[in-house]
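Note sheet for the following structure.
Chains as they are written, first to last, in our numbering: chain A, 48 to 485; chain B, 48 to 485.
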């Protein structure tokens, strides 16, 4: 009973991110063979590299070769130049060539995502011949059997047969008679985000990657796309939170990288807020005369920031998932003007009541407290409508300029809205309170 | 040359969201048969319902039956009670029973996601028999052939064989000898978000859904999970932007629903900002004495809000994708304290320099401008550290309380940070400027 339960792959997976390199090596060596393989295959490229690196020299090739070529590429991409040499030397010639071809692609290209191990047949085979041939290919490592690609002698892609169709077709039919020729394909250098959108739009399970000559290079399968969708959403969320996107999970980013990803925007936003200080400077005389204006200032301007955050978040996400496009901007503008007018009206009422109904309002805010209430209410209405309009249009403008719409983050929109909110507030105050407080 | 090009499915897909019901019906009828089917199959449940509803009575059954049972369930879920009756009457008995069973599940359960059309074999079949049997099943509509599930006579799940393994195995072997018995399964009522995490953790392509007795009910395939991942990310993004999640794409939500989703948080945040006004009220005398404090107030407090937005966004997303867990809170706290101390130091320096190096600073801010600079710098440091700490801990606290961590939105954290920022700023001002300005 005193003996500790044996370590399982699950235990190690749970604690892995928190372990020191030394503890990771020891933990890994405590796993049984099958557990170790299962655990290793589930790791990402960087951690797989660490495992390979810490194996005894004679075992390294074995571990690296456990991975399919596209995963080996991830391991190599995590390694520095110096390490790549000995890692490549661990591979057999055929795999090394495949990996070399894949390495030439950018990590977030269709080419960088694809697997070269797809199943292929010739158009003049019969269905029965193709099934026998596939049965042979299935013994090697292939990415998926769901689709069989029909290639000519020059590896040009002619068509595709789903496995189900092949299976259901009469055995003596020719492949060329059962294949589909109206294919969705993607070019090698298509950005992974766009590949993800194609999968969603056409409900794809796998898509062939072809070069400019129509030669088939590989396939991207939907399981890679799940990671892409999650990764792209994480990047957008981080950008919308007002920082640069991190390229690794929270605990795997060094403190220095974390600070760097956050510092840039914080400084930009602070400089933006200096414009608010400058604008306020301009109204210093007004504030001296009516300190009460300063008291309601944060309340007023933050309503604009909040309404702007909502609008920019909505529009940025709708753009990312393809729910709206640049040319829809008029409809977005109309929609945001209507929504924000209603929201602005609601908040203005809340603000007005807050001041009018405050216990001993006159004693507290002076004899002109009702005028102050009207000024605050009118300003709230103005900043809410303005914030939503700006928040909704900014991602579209950024997109139009070829920039990332997600840069229209909540803090950025809030900052822009603070500066303009000050102008709206004091302009209205100078109009509505002229002759009374100002 | 004058004749308009025929309408394609792509054209209609592009304009669909903007069309009136009447134009949708007309556009759909302009499509050729094959185009119409392709277009229809790509629609979501609500739009498919609209198509079925607007077909002539004799054609409705045909269109509804084009869909697999799980998609029919989506159509029924989009319909109101009154319509469900005639829709169900369009189905054949067998499908109606399948659909009825699926309808009993919540939309975002594993049961609501799954398909009942999986391929099954018996354990005592040989590999060759199983392949022949599958070839027959493949002619019917099955969700995927990638995995073959091995069930006993009571439909209990015994094991699984991947199609590739089945294909590569010697023909005379028994299924029970080639099947895997260490299965990942999910219970019928597991939340879809959790199902999504399992797919990511185990790199799954399909997962069987079983009831409490181990009876297999269906499979969830990875193509459904892509939608889940995207949907859940969209919900989180909208919540992080400071609003309730919408349950449909931007243009498909009515103006009224849009306003309702946004109004709640806007009012809550505004009431929160009233605390800021109340706090400022308390320092009215200080502001009267030193209006310059009011001028730098938005600059100081917004630094805290921005740093808090970053931290809450990071932690909320890391929780959602499983990069960190509740029990990691100490490490998160340590990490955020270090990062924010560095960031706070940086911003404090920027703030100090902004005041010290301002042209004619003494003329502008008075003889104690250096003291003001130090007050601003110290406050910026304080609010940045406090904002990040609160922003990072709040999602964890919400999660601990069983609430949604994404409610710790950028605007919410900014509001909390504004209130506390005012206290930090004026407390420091009263200490550092006592005897000079205050």
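Glycine included, each C-beta is placed from N, C-alpha and C at the ideal position.
Contact check, residue i vs residue j, beta carbons under 8 angstroms
i: residue 170(A); j: residue 146(A); result: no
i: residue 463(B); j: residue 437(B); result: yes
i: residue 210(B); j: residue 231(B); result: no
i: residue 285(B); j: residue 72(A); result: no
i: residue 379(B); j: residue 390(B); result: no
i: residue 261(A); j: residue 227(A); result: no
i: residue 345(B); j: residue 55(A); result: no
i: residue 354(A); j: residue 385(A); result: no
i: residue 83(A); j: residue 75(A); result: yes
i: residue 482(A); j: residue 356(B); result: no
i: residue 272(A); j: residue 273(B); result: yes
CB contact below 8 angstroms: residue i versus chain A
i: residue 195(B); result: no
i: residue 50(B); result: Residue placement at residue 50(B) cannot be trusted, given a pLDDT of 47 that sits under 50; the coordinates are not used to answer.
i: residue 224(B); result: no
i: residue 492(B); result: No answer is possible for residue 492(B): it lies beyond the span of chain B, which begins at 48 and ends at 485.
i: residue 220(B); result: no
i: residue 478(B); result: no
i: residue 309(B); result: yes
i: residue 202(B); result: no
i: residue 413(B); result: no
i: residue 401(B); result: yes
i: residue 396(B); result: no
i: residue 210(B); result: yes
i: residue 354(B); result: yes
i: residue 161(B); result: no
i: residue 360(B); result: yes
i: residue 306(B); result: yes
i: residue 421(B); result: no
Identity of the residues DSSP links to residue i by a beta bridge
i: residue 196(A); result: 167(A) and 207(A)
i: residue 162(A); result: 266(A)
i: residue 227(B); result: 207(B)
i: residue 255(B); result: 266(B)
i: residue 156(B); result: 238(B)
i: residue 232(A); result: Its beta-bridge partners do not exist; DSSP assigns none.
i: residue 221(A); result: 173(A)
Under 7 angstroms by beta carbon: chain B residues contacting residue i
i: residue 385(A); result: 302
i: residue 281(A); result: 364 and 368
i: residue 328(A); result: 342
i: residue 290(A); result: 357
Any chain B beta carbon closer than 8 angstroms to residue i
i: residue 470(A); result: no
i: residue 269(A); result: yes
i: residue 277(A); result: yes
i: residue 239(A); result: no
i: residue 320(A); result: yes
i: residue 285(A); result: yes
i: residue 296(A); result: yes
i: residue 440(A); result: no
i: residue 437(A); result: no
Contacts of residue i in chain A (Cβ-Cβ under 9 angstroms)
i: residue 331(B); result: 338, 339, 341 and 342
Cross-chain neighbours of residue i in chain A, by beta carbon under 7 angstroms
i: residue 72(B); result: None at all; the shortest Cβ gap to chain A is about 21 angstroms.
9 angstroms Cβ cut-off: residues of chain B touching residue i
i: residue 334(A); result: 334, 338, 341 and 342
Within chain B, partners of residue i - CB distance below 8 angstroms
i: residue 247(A); result: 273, 274 and 277
i: residue 199(A); result: Within chain B, no residue comes near residue 199(A); the closest Cβ sits about 25 angstroms away, beyond 8 angstroms.
Chain-ordered chain A contacts of residue i [CB-CB under 8 angstroms]
i: residue 80(B); result: The premise fails here: residue 80(B) is roughly 15 angstroms from chain A at the closest Cβ pair, so nothing lies under 8 angstroms.
i: residue 182(B); result: 214 and 215
i: residue 378(B); result: 65 and 298
**OP:** May I ask you to verify whether the region 301-321 of chain A touches the region 390-403 of chain B, counting CB pairs closer than 8 angstroms and requiring at least 3?
**Re:** yes
Subject >> Three CB pairs or more closer than 8 angstroms across the region 271-286 of chain B and the region 172-180 of chain B >> reply: no
Original post:
Three or more beta-carbon pairs under 8 angstroms between the region 232-249 of chain B and the region 187-202 of chain B, yes or no?
Top reply: no
Subject >> Proximal residues, the region 82-104 of chain A versus chain C, C-beta separation under 9 angstroms >> reply: Absent from the structure is chain C; the protein chains it does hold are A and B.
Original post:
Taking one C-beta from the region 101-116 of chain B and one from the region 155-171 of chain B each time, how about it: are there three or more such pairs within less than 8 angstroms?
Top reply: yes
**OP:** Please determine if the region 83-98 of chain B and the region 117-137 of chain B are in contact, where contact requires at least 3 C-beta pairs separated by less than 8 angstroms.
**Re:** yes
Original post:
Three or more beta-carbon pairs under 8 angstroms between the region 465-480 of chain A and the region 301-316 of chain B, yes or no?
Top reply: no
**OP:** State whether the region 429-448 of chain A contacts the region 251-269 of chain A, with contact taken as three or more CB pairs (one from each stretch) at a distance under 8 angstroms.
**Re:** no
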